[in-house]
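J.: From first to last, the protein sequence lines are chains A and B.
Residue 1134 is where the first sequence ends in the numbering used here, and the numbering goes up by one at each step.
Residue 354 is where the second sequence ends in the numbering used here, and the numbering goes up by one at each step.
Beta carbons are placed, not taken as given, at the ideal position from N, Cα and C, and that holds for glycine.
Computed from a predicted model, the values in this text were never measured in an experiment.
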Amino acid sequence: MIKNISNLGDAALYCDFGTEVNKDINSKVIKFFETIREKNIEGINNLTPSYNKLIISFDLKITNFKKIKEIVENIEIKETQKLNSKKIEIPVCCDSSFSLDIERLEKKLNLDREQILEVFFKKEFFCYMTGFIAGMPFLGDLEEKMRVQRLETPRVKVPKGSIGLTEQFANIYTFESPGGWNIIGNTPLNVFDITKEKQPNLINPGDKVKFKRISMEEYKDLHG
Amino acid sequence: MDNNYFEIKRAGINTTFQDKGRNNLYHIGIPFSGAMDNRNFLLANKLVGNKLDSPVIEFAYQGPLLKFNGDKITITVTGDVIFKLNKKNNEIEGRCYETYQLENGDEINILSTNKSVYGYLAISGEIDLKFQWGSCSINTKANIGSNDGKKLTNKQKINIRKINFDQKNKKIDYLNSKIENIRVIKGTNFDYFSEEGKKIFFEKEFIVSKLSDRMGMRLDGPKIENIINTNIKSEGLLKGVIQVPADGNPIIMLSDHGTIGGYPKIGVVASVDYDRLVQISPGSKIKFKEIDLSDAETLFKLYEMETQNLISQI
């Protein structure tokens, strides 16, 4: 299942599952990630699943590349093992005060606002990975006609809750951060809750996400 | 006295609480954080008789000016740091790796780090701090950790929950080595760079940019040419990973780095040199030297033994 294992520095394994970005490869990465996580292998102190790679960091005081590689190579993942997957609905308000880049998208995609939003809200997304900033989900896949590059000059501050598009992905800014994704709306939900140590992320790799369009009034109600 | 605290009369430039950091959270986007210079963090705690992983005050460049309110407390400063103590209105030059006893009204004034970046102030006892995921470490980018994830500010109080006063002074002789050569293991995208680019990376000097902080160290100098693709599919990062974006200037990931990145990885700093890497100050030169995995592992073992040896001398 893993195509190649190499070292990333002296304290991590770099597991390569392929070069493509698709659900099939990513699901394998996530299953592997979950299996290793459950095993609580001594010395492993972090796992980073991404589209098609899994990075396994370890404490060099306790173990080393050779030992961890041997363990990982002997882990069997059954093809039948199911992906833990939740269905999550995210309310999004696309009021013009939130959809900061809708005009840019209209121009780049040659579609009007309503056409863009219709495609967006119809889609069921799949969470490939979370990260970069705490809890940020990378959700795919947008169809070809909806794909744009990130902004030429990234924003210094993207507001918390912003929903952004870039290439085949949508994401959610879990807190205010610099960023270059095309912003189309905002969710009142707290997608990353720092007070919940056990499960701070609302969305995890493997989950299915649908966005639901809400009005400004509903947004304010939900925001509390 | 129950009410023991330090009053922050001047917070310093980037003063935070740090400990060993947090594990097993990369997959949700949270990095290790923790003390940048691990050896100096451990030595500080050992000198004041704390558990080795206790929270300390980390500062960068200019440190804090603190006034002690309470009965008696033992402190120490580690790193290469210039500081003064004001005891009963007598000014004393401070020396790193020694302990000092402060009494009510005494002050410690951490003026600056000396041709280095980070220093540590440890207090014997227990600072009253909030822990998140088992660590007090402040990550100012994500606002995680104690003090609401923000750096310390003027007029704040640092409350001490429990003091373990030790009348006996402790010290060790230790000199932080200043190095420009940083040992690096080739990265997973090493072949993305031209022959000339690879040569430049291991042969030329770079200058540490002012745009460096706990998240990353940016370097200026000769550009490293990419001949394959200036982007990769986003994937995990680690502290010590050296990415080269399209502009050809390397960026080294440090303890508060973003967990995922999409620039090619030319190399990874060997664990043995991480403590020394973070101490290289903006404007200083840095040069990379290639090392293979087994040498990196051996050198780390020796470094670890040396650290343990220093700890056992205290």
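Using the beta-carbon count (16 or more within 10 Å), is B:I53 buried or exposed?
T.: exposed
J.: Check whether the Cβ atoms of B:I240 and B:I212 sit closer than 9 Å, and answer yes or no.
T.: No Cβ-Cβ contact shorter than 9 Å links B:I240 with B:I212.
J.: Would B:L192 and B:S252 qualify as a contact pair, given that the criterion is a beta-carbon distance under 9 Å?
T.: no
J.: Residues of chain B with CB under 8 Å from A:M911, in chain order?
T.: By Cβ distance, chain B contributes nothing, its closest Cβ being about 17 Å from A:M911, past 8 Å.
J.: B:N44 and B:I200: beta carbons closer than 9 Å?
T.: yes
J.: Measure the Cβ-Cβ separation of B:I150 and B:G103 and say whether it is below 9 Å.
T.: yes
J.: Identify the contact partners of B:A336 in chain A, using a Cβ-Cβ distance below 7 Å as the criterion.
T.: D920
J.: Can you list the residues of chain B that A:V1045 reaches, using a CB-CB cut of under 8 Å?
T.: Looking at the sequence provided, one finds Gly at residue 1045 of chain A rather than Val. Simply I68 and G69.
J.: Going by Cα to Cα distance, which pick from B:I163, B:I184, B:N221 and B:Y160 is closest to B:F171?
T.: B:I184
J.: Please report the distance separating the alpha-carbon of B:K23 from that of B:I331.
T.: Because chain B here runs from 41 to 354, residue 23 of chain B falls outside it and cannot be looked at.
J.: Can you list the residues of chain B that A:L957 reaches, using a CB-CB cut of under 8 Å?
T.: N64, Y66 and H67
J.: Counting only runs that start and end within the segment 215-279 of chain B, where is the beta strand (DSSP E) found for 3 or more residues in a row?
T.: List check, beta strand (DSSP E) in window: 221-226, 245-248 and 256-260.
J.: Under 9 Å, Cβ to Cβ, is there at least one residue of chain B near A:R1057?
T.: no
J.: Buried or exposed for A:K913, going by 16 or more other Cβ atoms inside 10 Å?
T.: exposed
J.: Identify the contact partners of B:Q172 in chain A, using a Cβ-Cβ distance below 8 Å as the criterion.
T.: I1104 and E1107
J.: With contact counted as at least three CB pairs below 8 Å, one residue from each stretch, are the segment 127-145 of chain B and the segment 201-211 of chain B in contact?
T.: yes
J.: Report yes if the CB atom of A:V1119 is closer than 9 Å to the CB atom of A:P1047, and no otherwise.
T.: yes
J.: Comparing alpha-carbon positions, which option in B:L215, B:W173, B:G256 and B:I219 lies nearest A:I1104?
T.: B:W173
J.: Run the CB neighbour count on A:E989, radius 10 Å, all protein chains shown included, and call it buried at 16 or more, exposed below.
T.: exposed
J.: What first and last residue would you give for the alpha helix (DSSP H) that runs through B:N194?
T.: Neither: B:N194 is in no alpha helix (DSSP H) and is coded neither H nor E.
J.: Note down, in chain order, every chain B residue with its Cβ under 8 Å from the Cβ of A:F975.
T.: L333 and E337
J.: Can you check which of these residues, A:N1114, A:L993 and A:A921, is closest to A:K977 by C-alpha distance?
T.: Out of A:N1114, A:L993 and A:A921, A:A921 has the C-alpha closest to the C-alpha of A:K977.
J.: Of all the options A:D926, A:N955 and A:I1012, which has the alpha carbon lying nearest to the alpha carbon of A:I972?
T.: A:N955
J.: In the structure shown, what three-state DSSP assignment does A:G1050 receive?
T.: strand
J.: Can you name, in chain order, every residue of its own chain whose Cβ lies under 6 Å from the Cβ of B:K127, other than the five neighbours on each side?
T.: D146
J.: Could you list the residues in the segment 271-291 of chain B with a C-beta less than 8 Å from some C-beta on chain A, going in chain order?
T.: K273, S274, E275, G276, L277, L278, G280 and V281
J.: Could you tell me whether the Cβ of B:V309 comes closer than 9 Å to any Cβ of chain A?
T.: yes
J.: Relative to the C-alpha of A:L1061, which candidate in A:I987, A:G1071, A:I946 and A:L1010 has its C-alpha closest?
T.: A:L1010
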